[in-house]
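Numbering (the numbering used here), first residue to last: 49 to 322. From the three backbone atoms N, C-alpha and C, an ideal C-beta is built for every residue, glycine too. From a predicted model like this one, the values you see are computed outputs, not experimental measurements. Note sheet for the following structure.
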Ligand code: C2E
Ligand code: CA
Ligand code: CA
Ligand code: CA
């Protein structure tokens, strides 16, 4: 900006202006979508590979586009975080997931759901009380709700993470470490793994993609998970060859397009809960 007369400022960087305008309009899009109930939760089955049985589902956020289609636009989660709406959206996701679990449990269906938590949600200490209240309000049975926590610099402080996760786990919530095996945070976190209250390790798609040929990293991760006594879920399984390799390597559970992409709840129910 350069001064131009008394109270006038002239901006000379149209690219920066345009970027700011785009960000503001994206943020108001998110707000509008919230107000107009244009968020939905889709479900992707988690499958026991040997039997093909659906043993759970991951809850994934979708937003209705102006075209009417449902999608999770690239970077939407990050934008929701950066404009300060992650707590609101995250609470909605959690509450809807609990409502779904309660509705199923009413019908005698005990299928567990896995819900993604952003590091931002995890790092709010009063989240614990809120989540515990949610669990008791919906009478969620122990073991039927898994929270997926992503490795991140923000949960690099294992003591803070443990303080949050421990009481939830004591209340019967299972904890999954999402996207496991990526980056520096992963290596750091390994040292603290024994103190982290984690039940499930989700092997990132990155390590599944190269299977069966390129399997040295997947093998290392599987050995590690086994030595820590963690259940494993392979992410992004797309081929029969991958399924076979994983099954032989002792991985029991998976998600991926080989079985099903995420689908709307009604379609999930029609397909798997009849
Ligand atoms: P994620 O937790 O790692 O979720 C798995 C992603 O992989 C999903 O993308 C899913 O649709 C996709 N996927 C599953 N199987 C396959 C496959 O075989 N091939 C390929 N190419 N992709 C597969 P999605 O739904 O676009 O979600 C992207 C990310 O956004 C998620 O990654 C998660 O980190 C985040 N996310 C989604 N919903 C929520 C939410 O409710 N809360 C939070 N905090 N994050 C969410
Ligand atoms: Ca996840
Ligand atoms: Ca993941
Ligand atoms: Ca991922």
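CB-CB length for residue i against residue j, believed under 8 Å
i           : j           : result
residue 88  : residue 110 : 5 Å
residue 186 : residue 149 : 7 Å
residue 220 : residue 191 : 6 Å
residue 306 : residue 285 : 5 Å
residue 270 : residue 299 : 6 Å
residue 210 : residue 180 : Actually they do not touch by this definition, with Cβ atoms about 16 Å apart.
residue 100 : residue 160 : In fact, because the Cβ distance is near 17 Å, the residues do not count as touching under 8 Å.
residue 208 : residue 158 : Residue 208 to residue 158, Cβ: 32 Å. No contact.
residue 78  : residue 133 : 6 Å
Residue burial classification, residue i (beta-carbon count within 10 angstroms, cutoff 16)
i           : result
residue 291 : buried
residue 322 : exposed
residue 262 : exposed
residue 318 : exposed
residue 169 : buried
residue 175 : buried
residue 232 : Its pLDDT being 47, under 50, residue 232 is placed unreliably in this model, and the value from its coordinates should be taken loosely. Exposed, by the Cβ-count rule.
residue 252 : buried
residue 126 : exposed
residue 340 : Residue numbering for the chain in the displayed model covers 49 to 322; residue 340 lies beyond these limits and cannot be assessed.
residue 304 : buried
residue 115 : exposed
residue 264 : exposed
residue 154 : exposed
residue 283 : buried
residue 61  : exposed
residue 183 : buried
residue 275 : exposed
residue 166 : buried
residue 314 : exposed
Beta-carbon proximity check, residue i vs residue j, cutoff 7 Å
i           : j           : result
residue 194 : residue 162 : yes
residue 223 : residue 214 : no
residue 145 : residue 107 : yes
residue 97  : residue 273 : no
residue 268 : residue 255 : no
residue 310 : residue 92  : yes
residue 112 : residue 86  : yes
residue 129 : residue 164 : no
residue 249 : residue 225 : yes
residue 131 : residue 75  : yes
Checklist entry - Do the segment 282-300 and the segment 67-76 make contact, defined as three or more Cβ pairs closer than 8 Å? => result The segment 282-300 is not in contact with the segment 67-76.
- Identify every run of the beta strand (DSSP E) within the segment 278-322, keeping only runs that are complete inside it and at least 3 residues long; order them along the chain. 279-282
For this session: Kindly provide the ranges of any beta strand (DSSP E) runs that are 3 or more residues long and lie completely inside the segment 100-158, ordered along the chain.
Result: List check, beta strand (DSSP E) in window: 101-112.
Problem set entry | Those runs of the beta strand (DSSP E) which lie wholly inside the segment 66-100 and span at least 3 residues | 87-96
Exercise. If you scan the segment 170-200 from start to end, which runs of the alpha helix (DSSP H) of 4 or more residues do you find wholly inside it?
Worked result: 174-185
What ranges does the alpha helix (DSSP H) occupy inside the segment 243-278, keeping only unbroken runs of at least 4 residues that lie completely in it? 253-256, 264-275
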